[in-house]
Every structure is written in structure tokens, then in C-alpha cells.
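To keep things clear, I will list the structure first and then write my remarks on it.
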Amino acid sequence: ILRTLSRYGERLFSHQAMLFALAEVRAALFARLIAAPPATALLHNRGDVAARLGGDVETLEEALLRTTLVPSGIATLAGTMLLMALAGWVAAAALLLAAAASFAVARRIGRDRIAPALDAESAALGALKRCYVELAAGGDDIAVYGLAAEVRAAIAAAEAPLHRARAVMADADTILSIVHWGLTGAAVAAIVALSPASAPVIALAALAATAAMEIVGNLARLDVQRWKSRGARARLDSMFPAVAAPESGGAPAQPIVELAIAGAPHRIVPGDHVLLAGRSGSGKTRLLETLTGLRDDAPEDVRIGGLRAAALPLAARRALFALAAQDAAMIAGSVADNLSLARPGVTRDEMQAALVVACLDDVVAQLPGGLDCWLGDDGARLSGGQRKRLSLARALLARRPFLLLDEASEGLDGATEARLIARLADWFAETGSGLILVSHRPAMRVLATRQVEIDGDRG
């Protein structure tokens, strides 16, 4: 009874400790991903990120839990060997041989069968999650065009390698169990048959040998587990590399944007309202993303405060520019969750005021729960135009010196666009913020006081 209760307590408290610790590990890994250069971080598929933060972190949890077995296991084995000495050298030798054979078999199977299967499982799981993410993104089209059968076939094909890898691991685990308990039975039989001790001592030695072999089995599986944890650590280190400490220095003392386009210099100072004009594909969006640090491949020479944009720390660039992107990204959360990303400490009153400027207050008021309404993955509850305006409200809340608008009114009807322009004009007059605008809608251009032409031949 005491043994059972002690094992229960050990498992309970060790699991609680690991769960709390690994919750912090996931947060730390995600922080690494955020701090990484966007050109690197944005390359990762969401399915791969989910697989690493889910399965690989759980693998580390299992490895840490099994590591706690080592001290207690060794101590128990040492005590068991003392009991074996009472039953004679034959009993001790039988237990040692069985334990050594169990370890040897476990190591061989782990190296030759389990390690390759684990690599295959990880690759297959990542591919399956990528498949899920890509198919989920096209859910509406799949339903409209009646492609459910094709989707099921694609998922089944993506699942097949995963099932094969897990079948190999299940077979290996079965072999390990059969060999281990076969060796346990052989050791007990040898003790009973060959020990010269008295019957009570032999019975005690047999029970002790059974308990010892159970511990040996756990330690052998710990050795197998290291193959799994080694691969998990390698994948996590690859996707979430340690990021150097943020570069010193904040935003430039004079946040003046300087563009060199076809040899002609252009200066944009805080408070200026500038339209970036040019044909589709000329690089206007790329220029906005370069200013915010999302990329560094704008064809123009972009300087901020006299320094090349790429030389400025990401934090410094993000402190200057608030981007309402053309493709408005949303998190799977509520309206308030998405707006609170703008900056720490945003109040609900400020959220409501920003929604009014973005002409989205009436829409949010009609949602169940208002600001607390759950929007679903990537803002699925909202239309494309509503998502753009929610992104605009978030950018307004950021309180940056420059507001960057990329096709903010695309898809809006004329009346809503007119209200949006009027409210933005009032907001600019009140805040004094600068504006860098990209828009093919003639009405939006009234917000700009001058125009910079982007050379389409260079984008």
C-alpha cells in the first residue's frame, strides 16, 4: 500500500511541476519566434509551429519526467542487490544478467528501429498539420465546389506516413515488452530453481527481483526516450533559435523618412501626409513593410533618421510606424483581444473610440458580446472589409508617429468610405500623426497633401 501511495504521489507532483514548467517553455519559445527577424519567422508554416510547440514540447516533458526515475531507480536496485545476496550469488547473477540483457535489447531497438521511426513520425506530423492548415484556409471554396471527397483523400494520403511510423514504434514497443518480461520470468525461475537459500528467502528474492526488473524496464525505456527527446530538442532549436539581445538604441531623435527613388530624394517628416503612387506590383506595399521591419528588400534606398532602415533595430522601427495592412491578420480571439495587440494598457473606451474612427462601431455593437465577441480563426466572423477596418482601428490605437495605410478602404461602399475619410481627417487633425498612404481609390487620396511616385520599372 505504501509503495502504491508513494508512486501515486510522485507521479502527481512531478506531472504538476512539469506542466507548469513547460507552459513557461512554450511561452519562451513563442517569444523567440516573435523576436526573430521577420524574414525568418514568417517562413515557418503554422502547422509546423503547432507541431513543434505541441508534440515536441510534450516529448521534452516525458523525458524530464522519466529522468526523475534515475536516482530512485538506482537506489532501489542497490537495495535489491543486498536482498539477492541473502539468496546467494546465483540469485544476484540471474538478476544482473536479466537487467543487462534488457538494457542491451532496449538500446539496440531504440537505435535501429525507434530512432528512424521517430524522425519519420515528426516529418509526417508536420506535413499532416500543414495539410490541415492549407485545406482549412480554403474551406469555403471546398464547400462551394464540392471537393469534400478530394479533401478526404488528400488528408488520408497525408496521414498514411504517420500511421506507418507509429506502427513501427508500436511494434518495437511490443518487442521490448515481450523481451523484458521474458527476461524477468527467466530471472525469477533461475532464482527459484537454483538458489540454495530457504523457501521464505527465495520467495522474498523472487518478489524483489520482479520489482527490480520493473524499475529496470523503466530505466531501459528512459534510454529509448533519449532518442525521441534528442530529435525534439534539435527541431525546437532549429525553429526557435536563441535570439541575440535587442540592439541598443531607441527610435531616432528625428524620425524623418528619406526615400531615394530613381535618384530623386524624398523626405517625409512627422505630420506629413504622403501618397505612394504607382502601378500595381511596383513595390508600394513592400516599401511599407520595409519601414515596419517586416522585410528589408525594398528596391528604394530607405533611410530613417539618416540611417538605413535595415540597420535600425526592429523595436525602433515598430515604435515609429503603425501599419494597417492590405491583408489584415487577426488572431483567433475576441474583438478586444485583437485590438489589445496595439500596445499594452489599451482601455475599452479607447477601443470604442478607435472603432468609431474606423467606422466599425456599429458592426461590433451588433455582434453578440460586442468587444468580447469571439471572431474565430483569422477573424472568420468578419467580412474582408470589416477585417480591414478592425486592423485600421488597431493601428490607430498604437499611437505611432506615422500611420501606414495600405488599401484601407478597398471593398467599401462609397458611403462608408466617405464616412471613413471624414473621421480619419478629424483624427489626423487631432493627433498630428503623419500618414503614408497606399490606395488606388481616388476618394482616399484627399487625405494626402503630396504624392511620391514609385518607379514601377524597379519593383
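Going by our numbering, the sequence shown opens with residue 3, and the numbers climb by one from there. Built from N, CA and C at the ideal position, the CB exists for glycine as well.
May I ask which residues mark the beginning and end of the alpha helix (DSSP H) holding residue 206?
In the DSSP assignment, residue 206 falls within the unbroken alpha helix (DSSP H) covering 201-241.
Can you list, in chain order, the residues of its chain with a C-beta nearer than 6 angstroms to that of residue 376? Leave out the 5 residues immediately preceding and following it.
Excluding residues within five positions, the ones whose Cβ falls inside 6 angstroms are 336.
If you check the beta carbons only, do residue 151 and residue 276 fall under 7 angstroms apart?
Judged by beta-carbon spacing, residue 276 lies beyond the 7 angstroms limit of residue 151, meaning their Cβ atoms are not closer than that value.
In the DSSP output, what is residue 325 paired with across the bridge?
DSSP lists 406 as the beta-bridge partner residues of residue 325.
Got a sec? Which residues, its chain only, sit under 8 angstroms from residue 294 by beta carbon, not counting five neighbours each side?
319, 320, 323, 325, 406.
At least three beta-carbon pairs within less than 8 angstroms, the stretch 393-412 to the stretch 354-364
Here the stretch 393-412 makes contact with the stretch 354-364; the two share three or more CB pairs at distances below 8 angstroms.
With 16 other Cβ atoms within 10 Å as the buried cut-off, status of residue 82:
Residue burial is scored here from C-beta neighbours: residue 82 has at least 16 other C-beta atoms within 10 angstroms and is therefore classed as buried.
Extent of the continuous beta strand (DSSP E) to which residue 436 belongs:
Per DSSP, the continuous beta strand (DSSP E) segment holding residue 436 begins and ends at 436-440.
Going by CA-CA distance only, name the one from 103, 124, 259 that's closest to residue 186.
When each option's Cα is compared against that of residue 186, the closest is 103.
Per DSSP, what are the beta-bridge partners of residue 453 in this structure?
Its beta-bridge partners are 277.
For residue 456 and residue 280, which I take to be in contact (beta-carbon distance under 8 angstroms), what is that distance rounded to the nearest angstrom?
A Cβ-Cβ distance of about 3 angstroms is found for the pair residue 456 and residue 280, placing them in contact under the 8 angstroms criterion.
Near residue 53, which residues of its chain fall below 7 angstroms by C-beta distance, leaving aside the five closest residues on each side in sequence?
For residue 53, where only same-chain residues beyond five positions count, the Cβ hits under 7 angstroms are 127, 128, 131.
Do you know offhand how far residue 444's Cα is from residue 416's?
About 11 angstroms.
For the beta strand (DSSP E) containing residue 259, name the first residue and the last one.
Per DSSP, residue 259 belongs to the beta strand (DSSP E) from 259-263.
Quick one: is residue 366 buried, meaning 16 or more other Cβ sit within 10 Å of its Cβ, or exposed?
By the C-beta density criterion, residue 366 is buried, having at least 16 other C-beta atoms within 10 angstroms.
Quick check: what's the CA-CA separation for residue 372 versus residue 339?
Taken atom to atom, the span from the alpha-carbon of residue 372 to that of residue 339 is near 12 angstroms.
On the DSSP letters alone, give me the boundaries of the beta strand (DSSP E) that residue 269 sits inside.
From DSSP, the beta strand (DSSP E) with residue 269 extends over 266-270.
Would you decide whether residue 460 is buried or exposed? Buried here means 16 or more other CB atoms lie within 10 Å of its CB.
Confidence is the limiting factor: at residue 460 the pLDDT is only 43, short of 50, which leaves the residue's position unreliable, though a coordinate-based value still follows. Looking at its Cβ environment, which holds fewer than 16 other Cβ atoms inside 10 Å, residue 460 is exposed.
Taking the alpha-carbon of residue 403 as reference, which of 427, 433, 422, 378 has the nearest alpha-carbon?
Here the closest residue by C-alpha is 433.
To the nearest angstrom, how far is it from the Cα of residue 59 to the Cα of residue 228?
Going by C-alpha positions, residue 59 is about 14 angstroms away from residue 228.
In the structure shown, what three-state DSSP assignment does residue 348 receive?
Residue 348 carries a coil assignment under DSSP once its states are collapsed to helix, strand and coil.
Closest to residue 441 by C-alpha separation, out of 283, 40, 98, would be which residue?
Relative to the Cα of residue 441, the nearest Cα in the group 283, 40, 98 belongs to 283.
By the three-class DSSP mapping on this structure, what secondary structure does residue 303 have?
Strand at residue 303.
Range of the contiguous alpha helix (DSSP H) that encloses residue 46:
Counting along the chain, residue 46 falls outside any alpha helix (DSSP H), and DSSP gives it neither H nor E.
Please check the pair residue 379 and residue 334, which I expect to be a contact at CB under 8 angstroms, by giving their CB distance rounded to whole angstroms.
Residue 379 to residue 334, Cβ: 5 angstroms. Contact.
When the Cβ atoms of the stretch 189-204 are set against those of the stretch 84-102, are three or more pairs found closer than 8 angstroms?
Cβ pair count under 8 angstroms is three or more, so yes.
On the DSSP bridge assignment, give the partners of residue 336 in chain order.
Partner residues in the beta bridge of residue 336, as assigned by DSSP, are 376.
Which parts of the stretch 128-169 are runs of the alpha helix (DSSP H), unbroken and 4 residues or longer, counting only runs that do not cross its ends?
Listed in chain order, the alpha helix (DSSP H) runs fully inside the stretch 128-169 are 141-146, counting runs of at least 4 residues.
Please confirm if the stretch 201-219 is in contact with the stretch 141-148, defined as three or more CB-CB distances below 8 angstroms between the two stretches.
Cβ pair count under 8 angstroms is below three, so no.
Three-way DSSP call (helix, strand, coil) for residue 431 in this model
Residue state, collapsed to three classes: helix.
Use the C-beta contact count for residue 448: other C-beta atoms within 10 angstroms, 16 or more gives buried, fewer gives exposed.
With fewer than 16 other Cβ atoms within 10 Å, it is exposed.
Checking the sheet assignment: what are the DSSP bridge partners for residue 463?
As displayed, the chain neither begins before 3 nor continues past 461, which places residue 463 out of reach and without an answer.
Taking only the alpha-carbon atoms, compute the straight-line gap between residue 287 and residue 40 and give it to the nearest angstrom.
Distance from the CA atom of residue 287 to the CA atom of residue 40, rounded to whole angstroms, is 15 angstroms.
Burial state of residue 292, where buried means 16 or more other Cβ atoms lie within 10 Å
Buried.
For a test of the three-state rule: what should DSSP assign to residue 90, helix, strand or coil?
In the structure shown, residue 90 sits in coil (DSSP, three-state: anything other than H, G, I, E or B).
Compute the Euclidean distance between the alpha carbons of residue 122 and residue 29, then round it to the nearest angstrom.
Residue 122 and residue 29 have their C-alpha atoms spaced approximately 27 angstroms apart.
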